[in-house]
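Residue numbers (the numbering used here): 5 to 308.
Idealized CB from N, CA, C, for every residue including glycine.
Remember, it's a predicted structure, so these values are computed and weren't measured experimentally.
The structure under discussion appears below in the form of structure tokens.
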Amino acid sequence: MNSKRDNCPISFSEPALRTLGKELITRRFSLPTGELTFSGYSRAADATGFSVPELGWVLDAGCVTHSQRPDYVFVTHTHTDHSHQLVYLKSRRKPPVICLPKEAASILERFLTASQNLTDQYTLGEPRELTRAYDLVGVDASSVFRIARGNRPIEVNVVQCDHTVPCVGYVFTEVRRKLEDAYIGLPGKEIAKLRQEGVEIMKESRFPMFAFLGDTTPLVFERHPEILEAPLVFTECSFLDKEHLDVAVRTKHTMWDDLEPIIASNPNTLFVLTHFSHRYDFAEIRAFFDAVPHKNILPWIPPQ
5 MNSKRDNCPI
15 SFSEPALRTL
25 GKELITRRFS
35 LPTGELTFSG
45 YSRAADATGF
55 SVPELGWVLD
65 AGCVTHSQRP
75 DYVFVTHTHT
85 DHSHQLVYLK
95 SRRKPPVICL
105 PKEAASILER
115 FLTASQNLTD
125 QYTLGEPREL
135 TRAYDLVGVD
145 ASSVFRIARG
155 NRPIEVNVVQ
165 CDHTVPCVGY
175 VFTEVRRKLE
185 DAYIGLPGKE
195 IAKLRQEGVE
205 IMKESRFPMF
215 AFLGDTTPLV
225 FERHPEILEA
235 PLVFTECSFL
245 DKEHLDVAVR
255 TKHTMWDDLE
265 PIIASNPNTL
275 FVLTHFSHRY
285 DFAEIRAFFD
295 AVPHKNILPW
305 IPPQ
């Protein structure tokens with residue numbers, strides 16, 4: 005780690021740029037649960053997509069962000085700037101699990117099938133059997149599931165965003181198991197006996213990792229205050245100026261003035277701001293946030 009803003013709760017590396025269809029930014033974050041690398045690009049009505057190579061994950065699929073096929077893809081919603089590159093992420097050899105709002109699962113199934121038909125020059129009506137190249141998992145705000153990861157699985161909690169189409173966010177938490185305090189210091193034979201008797205001698209501890217939110221207004225934080233337990237939150241900030249308030253309300257995107265109080269009241273959370281409108285160039289975005297007093301924000305834009 006070679007960069008840290010004063011009083012910022014999480015250190016992060018200076019970005020490295022590379023091109024894989026888009027000019028990607030890569031940053032490594034030092035989290036309480038360990039270091040994670042995020043490579044991605046995000047601009048409103050253009051493309052949003054990130055990869056986390058240590059986990060084998062992709063977060064939204066508006067652009068290709070890594071040369072390796074992922075194990076999991078977490079799609080927030082199916083607007084094309086967040087989903088249309090899914091056709092490049094499916095794999096017959098290693099089908100990824102694609103999580104997305106359950107209302108959109110059948111639509112995405114048809115889209116991916118149509119893409120394969122286009123690739124194969126398949127004529128509708130002919131007999132056809134496709135080898136499975138992905139597994140779709142429809143989710144909503146009641147969904148909680150775990151992903152195996154050695155002896156520290158990751159729990160995924162889905163939250164409901166506030167957008168014009170069904171849209172979700174994902175909160176990721178590392179789960180650790182350790183001996184209940186009452187049994188610490190017991191001889192191994194006694195612990196083994198308790199296990200054989202069916203006594204639950206272990207307890208779980210949860211360590212929030214990060215949250216990744218889809219397009220939304222700040223209402224998502226009111227609905228799901230648990231998001232702010234994460235030390236790192238990726239959230240959109242499409243509009244910076246009050247003159248765009250009407251557009252933000254109509255399209256259900258975030259205005260800086262509405263997000264700023266949440267950032268100010270959670271100084272121990274680092275907010276990675278994404279999805280800036282093309283109304284602002286990078287220099288304008290940089291100048292805007294250079295004038296903001298809060299140290300717990302990181303606009304996802306290229307370095308100067």
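Q. What three-state label does DSSP hand residue 26 in the structure shown?
A. DSSP places residue 26 in coil when its eight states are reduced to three.
Q) Are the stretch 171-181 and the stretch 120-139 in contact at 8 angstroms, needing three or more beta carbon pairs? A) Too few Cβ pairs lie closer than 8 angstroms, so no.
(Q) So for residue 258, helix, strand or coil by DSSP? (A) If DSSP states are grouped into helix, strand and coil, residue 258 belongs with coil.
Q) Name the DSSP beta bridge partners of residue 212, please? A) Beta-bridge pairing links residue 212 to 177.
Q. Looking only at C-alpha atoms, which of 159, 30, 165 sits nearest to residue 211?
A. Taking only the C-alpha atoms, the option nearest residue 211 is 159.
(Q) Just to check my reading of the structure: residue 206 and residue 190 have Cβ atoms closer than 8 angstroms, yes? What is that Cβ distance to the nearest angstrom? (A) About 13 angstroms; that fails the 8 angstroms criterion.
**Q.** Three or more C-beta pairs below 8 angstroms linking the stretch 140-150 and the stretch 94-108
**A.** With contact defined as three or more Cβ pairs closer than 8 angstroms, the stretch 140-150 and the stretch 94-108 are in contact.
Q: Provide the residue(s) that pair with residue 164 in DSSP beta bridges, ordered along the chain.
A: DSSP, once it has assigned bridges, lists 172 as partnering residue 164.
Q) Count the other CB atoms within 10 Å of the CB of residue 46; is the residue buried (16 or more) or exposed (fewer)? A) By the neighbour-count rule (16 or more Cβ atoms within 10 Å), residue 46 is buried.
Q: Would you mind reading off the limits of the alpha helix (DSSP H) that contains residue 192?
A: For residue 192, the enclosing alpha helix (DSSP H) starts and ends at 192-200.
(Q) Only counting the same chain, and skipping five residues up and downstream in sequence, which positions put a Cβ closer than 6 angstroms to that of residue 43? (A) Same-chain partners within the cutoff: 28, 30, 55, 69.
Q | Cβ contact check for the stretch 246-253 and the stretch 269-277: 3 or more pairs under 8 angstroms | A | The stretch 246-253 is not in contact with the stretch 269-277.
Q: Using three-state DSSP, classify residue 105 as helix, strand or coil.
A: Annotated three-state conformation of residue 105 is strand, per DSSP.
Q: Whole angstroms is fine: what's the gap from residue 285's alpha carbon to residue 204's?
A: Approximately 57 angstroms between the Cα atoms of the pair.
Q: Going by DSSP, name the residue or residues bridged to residue 41.
A: BP columns for residue 41 point to 32.
Q: Indicate whether the contact test is met: 3 or more Cβ pairs, each with one atom in the stretch 214-230 and one in the stretch 253-266, closer than 8 angstroms.
A: Remark: three or more beta-carbon pairs, one from each stretch, lie closer than 8 angstroms, so the stretch 214-230 and the stretch 253-266 are flagged as touching.
Q: Could you tell me which residues DSSP pairs with residue 278 in its beta bridges?
A: The partner list for residue 278 (beta bridge, DSSP) reads 240.
Q. What is the C-beta distance between residue 226 and residue 278, in whole angstroms, given that I count them as a contact (C-beta under 8 angstroms)?
A. With a beta-carbon spacing of about 20 angstroms, residue 226 and residue 278 fall beyond the 8 angstroms limit used to define contacts.
Q: Could you spell out where the alpha helix (DSSP H) holding residue 87 opens and where it closes?
A: Segment 84-87, the alpha helix (DSSP H) holding residue 87.
**Q.** Neighbour-count burial assignment, residue 114, 16 or more Cβ in a 10 Å radius
**A.** Burial call: exposed.
Q: From the DSSP output, read off the bridge partner residues of residue 60.
A: Partner(s): none; residue 60 has no beta bridge.
Q. What did DSSP end up calling residue 95 once you bin it into helix, strand or coil?
A. In this structure, residue 95 counts as coil in the three-state DSSP scheme.
Q. Is the distance from the Cβ of residue 91 to the Cβ of residue 116 below 8 angstroms?
A. Yes; because the gap between Cβ atoms is below 8 angstroms, this pair is in contact.
Q. Taking the continuous alpha helix (DSSP H) assigned at residue 293, which residues delimit it?
A. DSSP places residue 293 in the uninterrupted alpha helix (DSSP H) bounded by 286-294.
Q | Given residue 199 as reference, the closest of 231, 238, 187 once Cα atoms are compared | A | Between residue 199 and the set 231, 238, 187, the nearest pair of CA atoms involves 187.
Q) Which residues does DSSP pair with residue 52 in a beta bridge? A) For residue 52, which the question treats as bridged, DSSP gives the partners 46.
(Q) Could you compute how far the alpha carbon of residue 236 sits from the alpha carbon of residue 230? (A) So the two alpha carbons sit approximately 12 angstroms from each other.
Q. What's the gap between the Cα of residue 264 and the Cα of residue 283?
A. Rounded to the nearest whole angstrom, the C-alpha separation of residue 264 and residue 283 is 20 angstroms.
(Q) Just to confirm before moving on: does the CB-CB distance between residue 201 and residue 181 stay below 8 angstroms? (A) In this structure, residue 181 does not lie closer than 8 angstroms to residue 201 by Cβ.
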